[in-house]
Amino acid sequence: GGARTAPDAVQAALQVYRALGMRPLHVRKEIPGFIADRLLEAVWRESLHLVNDGVATTGEIDDAIRFGAGQRWSFMGSFLTYTLAGGDAGMRHFMSQFGPALKLPWTRLEAPELTDQLIDDVVEGTRAQLGSHSIADLERYRDDCLMAVQEAIRVTKLQHGISPDE
99 GGARTAPDAV QAALQVYRAL GMRPLHVRKE IPGFIADRLL EAVWRESLHL
149 VNDGVATTGE IDDAIRFGAG QRWSFMGSFL TYTLAGGDAG MRHFMSQFGP
199 ALKLPWTRLE APELTDQLID DVVEGTRAQL GSHSIADLER YRDDCLMAVQ
249 EAIRVTKLQH GISPDE
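And the structure:
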């Protein structure tokens, strides 16, 4: 809700959507657009650059998403995926190891400065997402979900007469 929206109204709306089986997002600050649309726009923009620069075809980009990040994002999102990339030390190690790469010229998107506050916010946020689960627990969850997603896609393709290799 915006500055003129009562906090009770926001909570009531969240409860209604949850009761309908939806997963509402509480946007804590007014921004143009929606959270999911903004994230998709960033991927879309980068995809258009890759096609325009002759780096990849649209099919190759779709495959990179379908067989790569997209599978993980369906059950973990980007922050928990990168938490695992940090190994046993989790997100803080990931940020220190890979954060500097955000300054490399391989993306068309400008990254925010990795301040201590931003790193702490990301680390604490992912720690809260993990709850009482360990990195090893999350790795097992990821692996089980990946196998289940891949099998579901294979079965559904066969049901529709599509080769599992497509």
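Numbering (our numbering), first residue to last: 99 to 264.
Even glycine gets a Cβ: it sits at the ideal position worked out from N, Cα and C.
Predicted, not measured: the structure shown is a model, and the values here were computed from it.
Asked: Span of the alpha helix (DSSP H) around S230; Found: Note, S230: premise wrong, no alpha helix (DSSP H); not H, not E.
Asked: Boundaries (first-last residue) of the alpha helix (DSSP H) holding T156; Found: 156-162
Asked: Inter-residue Cα distance where the pair is E264 and D135; Found: 28 Å
Asked: Local Cβ density within 10 Å of M189, reported as buried at 16 or more and exposed below that; Found: buried
Asked: Beta-carbon separation (whole angstroms), V247 vs Q169, contact threshold 8 Å; Found: 5 Å
Asked: Contact test: Q257 Cβ vs the ligand HEM heavy atom, cutoff 7 Å; Found: Of ligands this structure carries none, so the ligand HEM is not represented either.
Asked: Candidates G99, G166, S145, of which the one nearest E128 by Cα; Found: G99
Asked: Cα-Cα separation, P203 to R116; Found: 41 Å
Asked: D135 (DSSP reduced to helix, strand or coil); Found: helix
Asked: Residue nearest to E237 in terms of C-alpha spacing, selected from V114, A199, T181; Found: T181
Asked: Selected residue, minimal CA-CA separation from L178, among P122, I233, L112, V108; Found: I233
Asked: Cutoff 7 Å; reference G223; Cβ partners in own chain excluding five residues on either side; Found: F177
Asked: V220 versus W142: straight-line alpha-carbon distance, rounded; Found: 24 Å
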